[in-house]
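Chemist:
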Amino acid sequence: MTGLEPPLLALRETIGEIVPDLRKRALAIDTAPADMAAHLGSPAFRAICDATVPKRFRSGPTVFDQFETRSYLARIVATVELSRGDPGVLTASPGPSLAGVVVDALGSEEQREMFYRAVADGPLWTFFAMTEPDRGSDGTAVETTLTKSESGDYTLVGAKRYISNGARGAIGVVFARTGPSPLSLRAALIRQPAPGLTSRPLDMLGLRGAYLSELRFDGVRVPAGMVLGSHLPLSRRGTWGIARTFNIMRIHIGAMAIGLAYAAYDYVASCLPGAPGHHMQAARLDAARQLLYDAAAAADKDPDDAYRPSVAKLHCTALAIGVLRWAVVALGPGSLLAHPLLEKWRRDAYAFEFMDGTTNVQRLRIARTVETARSQR
Numbered sequence: 007m008t009g010l011e012p013p014l015l016a017l018r019e020t021i022g023e024i025v026p027d028l029r030k031r032a033l034a035i036d037t038a039p040a041d042m043a044a045h046l047g048s049p050a051f052r053a054i055c056d057a058t059v060p061k062r063f064r065s066g067p068t069v070f071d072q073f074e075t076r077s078y079l080a081r082i083v084a085t086v087e088l089s090r091g092d093p094g095v096l097t098a099s100p101g102p103s104l105a106g107v108v109v110d111a112l113g114s115e116e117q118r119e120m121f122y123r124a125v126a127d128g129p130l131w132t133f134f135a136m137t138e139p140d141r142g143s144d145g146t147a148v149e150t151t152l153t154k155s156e157s158g159d160y161t162l163v164g165a166k167r168y169i170s171n172g173a174r175g176a177i178g179v180v181f182a183r184t185g186p187s188p189l190s191l192r193a194a195l196i197r198q199p200a201p202g203l204t205s206r207p208l209d210m211l212g213l214r215g216a217y218l219s220e221l222r223f224d225g226v227r228v229p230a231g232m233v234l235g236s237h238l239p240l241s242r243r244g245t246w247g248i249a250r251t252f253n254i255m256r257i258h259i260g261a262m263a264i265g266l267a268y269a270a271y272d273y274v275a276s277c278l279p280g281a282p283g284h285h286m287q288a289a290r291l292d293a294a295r296q297l298l299y300d301a302a303a304a305a306d307k308d309p310d311d312a313y314r315p316s317v318a319k320l321h322c323t324a325l326a327i328g329v330l331r332w333a334v335v336a337l338g339p340g341s342l343l344a345h346p347l348l349e350k351w352r353r354d355a356y357a358f359e360f361m362d363g364t365t366n367v368q369r370l371r372i373a374r375t376v377e378t379a380r381s382q383r
């Protein structure tokens, strides 16, 4: 079991101070996710960016300079608390987001410098483009192509769908194939706008702040210096980076789900102290949070282990739905009409299952890991 050291406890407490600012923006962003002008100057948005940008790239001194926020455990501690404010607002905030995880894993020092300097000078949204219209959870079946020209640059052709902040992101990571081999999957940094790149937001039911979008690439030019991983061995340029990124993303999604569940629990406690079943819900939430901490601490030691992230995402996303169901029942008939924030969170809770590998994908991954372990006895 991973107990939090005093610096991480202090980080959790510091982030807890901006939870009210996040929550008060939740309904407005859910109603109009494209209208962000009124929110960009908020202390919460600035804090999210400061906490996720490496210290050496920050534009000036911040409250987070005293903390080490680059470990996976620190990121998950922060994500749970930020999502306790509102996960929709968290996904709507400018910052490196999941694209930063890929840049950290695959980027050269020059690429990291370019990416994080741009984000730190923001506010600037980023995007992570893997999912394609007809491919669902099969991340290895990418059809988008990245073709090298005689000049040494590349041409990007294809489409991506369900991409967070895709239509408003100024820079992001796009995965594409340079050939048919499993080692040909590559990631490239793409700036927007660009000739041949079109994007449009999708009208979603839950997590509307994420501004899920569709991106289309019709001959987008990609300079060779924007293709990630060229300095790495061939085996670590694409598929390896994707697998490592998805491991971290799954813990991240689980953390968002548990943060949302905590928010619903807090809301019920404020409306109906001592609601039936509240002790059981609190125990389940605390246990799930500990599961996330353990998975993140393990990822800091071995980021290639996929078992713990899958268990964490599977359990936490299911628990979030269960807690929201309890909250709706606890507040009685008509609770979804009487409590708009609860209604929003109920919609949001169902989104996590479909992010970064559906529930059945996680079950398959866990089962294969267990079967492999048995066969090696």
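With positions in the sequence shown counted from 1, the corresponding number in my numbering is that position plus 6. All C-beta atoms in this analysis are idealised placements derived from N, C-alpha and C, irrespective of residue type, glycine included.
(1) Please report how far the alpha carbon of Y268 lies from the alpha carbon of P129, in whole angstroms.
(2) What are the start and end residues of the alpha helix (DSSP H) that includes G283?
(3) Beta-carbon within less than 6 Å of M210's beta-carbon, same chain only, minus the 5 sequence neighbours each way: which residues are those?
(4) Would you call the segment 253-262 and the segment 311-323 touching, i.e. three or more CB-CB distances under 8 Å?
(5) Just to confirm, is the Cβ distance from D159 to L266 under 8 Å?
(6) Between which residues of its own chain and A124 is the CB-CB distance below 8 Å, once the five residues before and five after are set aside?
(7) State the DSSP-derived secondary structure class of D224, mapped to helix, strand or coil.
(8) Opposite I177 in the DSSP bridges: which residues?
(9) Three-state secondary structure (DSSP) at V108?
(10) Quick check on the DSSP output: what are the complete alpha helix (DSSP H) runs of length 4 or more inside the segment 298-369, in order along the chain?
(11) So which of I54, A194 and G244 has the shortest CA-CA distance to S187?
(12) Compare the C-alpha of D362 against each of Y299, E138 and G340 and name the closest.
(13) Would a C-beta distance cut-off of 8 Å place S170 and T97 closer than the cut-off?
(14) Going by CA-CA distance only, name the one from P49, R314 and A16 that's closest to R31.
(15) Just how far apart, CA to CA, sit P26 and W332?
(16) Return the first residue and the last residue of the beta strand (DSSP E) that G164 is part of.
(17) Any idea if R90 is buried or exposed, counting beta-carbon neighbours within 10 angstroms, 16 or more meaning buried?
(18) Look up L191 in the DSSP assignment and say whether it is helix, strand or coil.
(19) Less than 8 Å separating the beta-carbons of A193 and V228?
(20) Looking at the structure shown, is S219 part of a helix, part of a strand, or coil, going by DSSP?
(21) So is the beta-carbon of H345 under 7 Å away from any non-hydrogen atom of the ligand ATP?
(22) Looking only at its own chain, which residues have a Cβ that is under 8 Å from the Cβ of L291, when we skip the five neighbours before and after it?
(23) What are the residues that DSSP puts in a beta bridge with T85?
(24) Report yes if the C-beta distance between G202 and G235 is below 8 Å; otherwise report no.
(25) Against chain D, does D159 count as a neighbour if the rule is that its beta carbon must be under 8 Å from one of theirs?
(26) How is L10 classed by DSSP in three states: helix, strand or coil?
(27) Output the distance between the C-alpha atoms of G106 and T20, rounded to the nearest integer angstrom.
(28) Spell out the partners DSSP gives P207 in its beta bridges.
(29) Measuring CB to CB, does L104 end up less than 8 Å from F134?
(30) With DSSP as the reference, identify every bridge partner of A182, one or two as the case may be.
(31) Taking the alpha-carbon of N253 as reference, which of A357, E11, E23 and D306 has the nearest alpha-carbon?
(32) Span of the beta strand (DSSP E) holding L152?
(33) Given this structure, state the Cα-to-Cα distance separating R167 from A182, to the nearest angstrom.
(34) For D36, which option in R383, V335, Q296 and L213 has the closest C-alpha, if you only look at C-alpha atoms?
(35) Got a sec? Which residues, its chain only, sit under 8 Å from V109 by beta carbon, not counting five neighbours each side?
(36) Is V233 helix, strand or coil by DSSP?
Modeler: On the basis of the supplied data:
(1) The count along the sequence shown starts at 1 and reaches residue 268 at position 262. The count along the sequence shown starts at 1 and reaches residue 129 at position 123. Take the alpha-carbon of Y268 and the one of P129: they are about 28 Å apart.
(2) As a first step, residue 283 must be located in the sequence shown, where it is residue number 277. Per DSSP, G283 belongs to no alpha helix (DSSP H) and is neither H nor E.
(3) The residue given as residue 210 occupies position 204 in the sequence shown. L218, listed in sequence order.
(4) Yes, they touch.
(5) Position 153 of the sequence shown, counted from the first residue, corresponds to residue 159. Position 260 of the sequence shown, counted from the first residue, corresponds to residue 266. With respect to L266, D159 sits apart: the two C-beta atoms are not nearer than 8 Å.
(6) Sequence index remark: in the sequence shown, residue 124 carries index 118 (1-based). The beta carbon of A124 lies closer than 8 Å to those of L130, A176 and I177 in the same chain, with the five residues before and after it left out.
(7) Indexing the sequence shown from 1 puts residue 224 at position 218. The answer is strand: DSSP assigns D224 an E or B state.
(8) Position 171 of the sequence shown, counted from the first residue, corresponds to residue 177. Per DSSP, the beta-bridge partners of I177 are T132 and R197.
(9) The sequence position of residue 108 within the sequence shown is 102, counting from 1. V108 falls in the helix class under three-state DSSP.
(10) Correct list: 313-336, 341-344 and 346-355.
(11) Within the sequence shown, the letter at position 181 stands for residue 187. Nearest option by C-alpha distance: G244.
(12) The sequence position of residue 362 within the sequence shown is 356, counting from 1. Closest by alpha carbon: E138.
(13) Position 164 of the sequence shown, counted from the start, is the residue given in the question as residue 170. Position 91 of the sequence shown, counted from the start, is the residue given in the question as residue 97. Judged by beta-carbon spacing, T97 lies within the 8 Å limit of S170, meaning their Cβ atoms are closer than that value.
(14) Along the sequence shown, read from residue 1 onward, the residue named residue 31 stands at position 25. For R31, the nearest C-alpha among the options comes from P49.
(15) In the sequence shown, residue 26 corresponds to position 20, counting from 1. In the sequence shown, residue 332 corresponds to position 326, counting from 1. Going from the Cα of P26 to the Cα of W332 covers about 23 Å.
(16) Within the sequence shown, numbered from 1, the residue matching residue 164 stands at position 158. Per DSSP, G164 belongs to the beta strand (DSSP E) from Y160 to I169.
(17) Taking the sequence shown and counting its residues from 1, one reaches residue 90 at position 84. R90 sits buried, since 16 or more C-beta atoms from the chains shown fall within 10 Å of its C-beta.
(18) Reading the sequence shown from its first residue, position 185 is the one you call residue 191. Note: L191 maps to strand in three-state DSSP.
(19) The sequence position of residue 193 within the sequence shown is 187, counting from 1. The sequence position of residue 228 within the sequence shown is 222, counting from 1. Result no, Cβ atoms of A193 and V228 do not sit closer than 8 Å.
(20) By 1-based counting over the sequence shown, the position of residue 219 is 213. Reduced to three states, the DSSP call for S219 is strand.
(21) Among the ligands in the structure shown, none appear at all, so the ligand ATP cannot be discussed.
(22) What you label residue 291 is simply residue 285 of the sequence shown in a count that begins at 1. Hits under 8 Å: I264, A267, Y268, Y271, L325 and V329.
(23) Translated into the one-based positions of the sequence shown, residue 85 becomes position 79. None, per the DSSP bridge assignment.
(24) Along the sequence shown, one-based indexing puts residue 202 at 196. Along the sequence shown, one-based indexing puts residue 235 at 229. No, these two residues do not count as a Cβ contact at 8 Å.
(25) Protein chains in the displayed structure number just one, and chain D is not present.
(26) For the purposes of this step, residue 10 is identified with residue 4 of the sequence shown, where counting begins at 1. The answer is coil: DSSP assigns L10 none of H, G, I, E or B.
(27) What you label residue 106 is simply residue 100 of the sequence shown in a count that begins at 1. What you label residue 20 is simply residue 14 of the sequence shown in a count that begins at 1. Taking the straight line from one Cα to the other gives about 22 Å.
(28) For this step, residue 207 is matched to residue 201 along the sequence shown. In the DSSP output, where bridge partners are listed per residue, P207 has S219.
(29) Counting from 1 along the sequence shown, the entry for residue 104 is found at position 98. Counting from 1 along the sequence shown, the entry for residue 134 is found at position 128. Yes.
(30) Stepping through the sequence shown from its first residue, residue 182 is reached at position 176. By DSSP's assignment, A182 forms a beta bridge with R192.
(31) Numbered from its first residue, the sequence shown carries residue 253 at position 247. Among A357, E11, E23 and D306, the Cα nearest to that of N253 belongs to D306.
(32) Position 146 of the sequence shown holds residue 152. Taken as a continuous stretch (DSSP letters only), the beta strand (DSSP E) holding L152 covers T151 to K154.
(33) If you number the sequence shown from 1, residue 167 lands on position 161. If you number the sequence shown from 1, residue 182 lands on position 176. When rounded, the distance between both Cα atoms is 14 Å.
(34) Locating residue 36 in the sequence shown gives position 30, where the first residue counts as 1. Closest in alpha carbon position to D36, among R383, V335, Q296 and L213, is L213.
(35) On the sequence shown, residue 109 is found 103 positions in, with the first residue counted as 1. Residues of the same chain with a CB within less than 8 Å of the CB of V109, apart from the 5 flanking positions on each side, are P102, Q117, R118, F121, Y122, V179, L195 and L234 in chain order.
(36) Residue 233 sits at position 227 when you count from the first residue of the sequence shown. V233 carries a strand assignment under DSSP once its states are collapsed to helix, strand and coil.
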